[in-house]
């Protein structure tokens, strides 16, 4: 690498100790023809579940090169290649809502709203042997309604959803079964739907989130920690969520758990909260508006899927500008929003964009309703790795002023989806005459200038390029300027500022 490139890379690198993020540039990924509700990984395979009938290769338009996959598909976690595992999930609501692998990765548990897997009759949940993609015939719990959440331990499979009976026995919205399929004595009374589960057996609890107001006969809004063997309430969180705010997602690492909420109505809490596993104490919360659908912690960063549109009160956040940011990254330590802004459109269904996140083999998989990623067609699934491949867009270079011996150039800063600090290199007659590094975001693009000292009466051609330290834009269109030989009130062909007109077609434009 050249000295110039090293210098620019060092200038662009973050110097404040914040955790690094994945690239915001999507990897080539297969697509679905419908909505993805759930993602899970095991042994280098990523399973994609939802409401769809086919998948198609990266770059293929809707209806082109389709391969049948009925609501469940499997892909290589690293290459993204479609795998032959293709159990057909059909009947009832024909939707996969939740998936989770066993701790050893040998079994994938799948829940939702369906009654057949291939030729096997099931009741909204089944288990798949990951080695050969076969349905486990002994795991056939009878659920009375939809399963929306699953988590697993070595000894139990926890199920949450809309049901009130399992195998004909009362189990209100949450239940536990053994890996053999036998119903366990774990029992809790929850008045409304469960939408998220996260088991923390080492802490003696399982976290349960959803739409509920009451658990085991006591007030418990949206989040509760239950004993993993009995279902008794271990801890409630009475002050964490207001009425009409539901917990949609729960994830954890070794010391903390993280929840994301969806508010039902304008201004109702939609943000994310971090708590300690040991005692349930809140570590931080953010107040971003725009319902959170999924969270996943990874290497010091909390990645989230939402449609955030107002994070003005969260460090590093952005104001409400009327648009939505569907993917976010935050510091696990202090909730600061990091400079990582890949985005989707709202897409199908409820038009909330991404619905599910999973990390497999150091790649973040995203599933949902979207049909675009970073303003390009991509439906249902996308992926983000560690390699930054996207160059910033080049800004337009404009002439601000001239006087004998000086040329002042101006431009508006551009922005990059995963690098806040960008370096701008101004060229005069093909040689670099200025390097400036500036931080920018999509909601804050500062104006920049450079004044060049040149000989009076000379003529020069200028252009600009911008680099994030790894990738560099093409140079802008050139701008040719004739410098005045001396100060004049107004020369023929000049404007009232004494500034010569630029030859048509020479002004820089964005590329």
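In the numbering used here, the protein residues as written are -8 to 502. Ideal Cβ positions, reconstructed from N, Cα and C, are used throughout, including at glycine. Every value quoted in this text rests on a predicted model; they were computed, and no experiment measured them.
Best match in the options for proximity to residue i [C-alpha to C-alpha]
i	options	result
residue 152	104, 123, 75 and 445	104
residue 72	47, 86 and 96	47
residue 33	25, 61, 97 and 11	97
residue 505	147, 281 and 23	The question about residue 505 has no answer, for the chain in this structure spans -8 to 502.
residue 76	383, 60 and 84	60
residue 436	412, 451 and 114	412
residue 249	169, 119 and 267	267
residue 113	339, 428, 138 and 122	138
residue 386	467, 340 and 475	467
residue 78	88, 133, 107 and 471	107
residue 335	356, 351, 369 and 308	369
residue 31	461, 44 and 68	68
residue 331	321, 340 and 460	321
residue 22	49, 469 and 42	49
residue 12	311, 292, 85 and 194	292
residue 315	328, 280, 347 and 329	280
residue 29	144, 102, 95 and 383	102
Neighbour-count burial assignment, residue i, 16 or more Cβ in a 10 Å radius
i	result
residue 290	exposed
residue 192	exposed
residue 40	buried
residue 378	exposed
residue 438	exposed
residue 164	buried
residue 8	exposed
residue 230	exposed
residue 35	exposed
residue 222	buried
residue 62	buried
For residue i, the three-state DSSP class (helix, strand or coil)
i	result
residue 192	helix
residue 248	strand
residue -4	Annotation note: pLDDT 39 at residue -4 (below 50); position unreliable, coordinate value reported separately. Looking at residue -4 - three-state DSSP - the assignment turns out to be helix.
residue 415	strand
residue 305	coil
residue 313	coil
residue 8	coil
residue 71	coil
residue 384	coil
residue 479	The predicted position of residue 479 is uncertain, since its pLDDT is 49 and thus under 50; a value taken from the coordinates is nonetheless stated next. Three-state DSSP puts residue 479 in coil, outside helix and strand.
residue 432	strand
residue 360	coil
residue 93	coil
residue 239	strand
residue 403	strand
For residue j and residue i, the rounded distance between their alpha carbons
i	j	result
residue 58	residue 404	44 Å
residue 261	residue 238	9 Å
residue 92	residue 142	8 Å
residue 375	residue 453	36 Å
residue 441	residue 423	12 Å
residue 337	residue 399	43 Å
residue 253	residue 122	37 Å
residue 358	residue 381	22 Å
residue 172	residue 74	27 Å
residue 303	residue 372	29 Å
residue 188	residue 240	8 Å
residue 55	residue 464	33 Å
residue 244	residue 415	40 Å
residue 419	residue 430	24 Å
residue 235	residue 256	7 Å
residue 119	residue 14	32 Å
residue 481	residue 460	In this prediction, residue 481 scores a pLDDT of 48, lower than 50, which makes its location untrustworthy; the coordinate-derived value is nonetheless stated afterwards. Spanning the two alpha carbons is a distance of roughly 43 Å.
residue 348	residue 471	49 Å
residue 200	residue 215	7 Å
residue 145	residue 410	41 Å
7 Å CB neighbourhood of residue i in its chain, flanking five on each side removed
i	result
residue 156	135 and 162
residue 504	Past the edges of the chain, shown from -8 to 502, lies residue 504, and the structure says nothing about it.
Other residues of its chain near residue i: CB distance less than 6 Å, five sequence neighbours each side excluded
i	result
residue 53	none
residue 203	181, 182 and 183
residue 364	17, 335 and 373
residue 116	102, 132, 134 and 138
residue 317	298, 334, 335, 344 and 345
residue 356	30, 37, 349 and 374
Own chain, CB closer than 8 Å to residue i, minus 5 neighbours either side, in chain order
i	result
residue 325	275 and 306
residue 209	224 and 227
residue 396	444, 445, 446, 447 and 474
residue 159	133
residue 125	119
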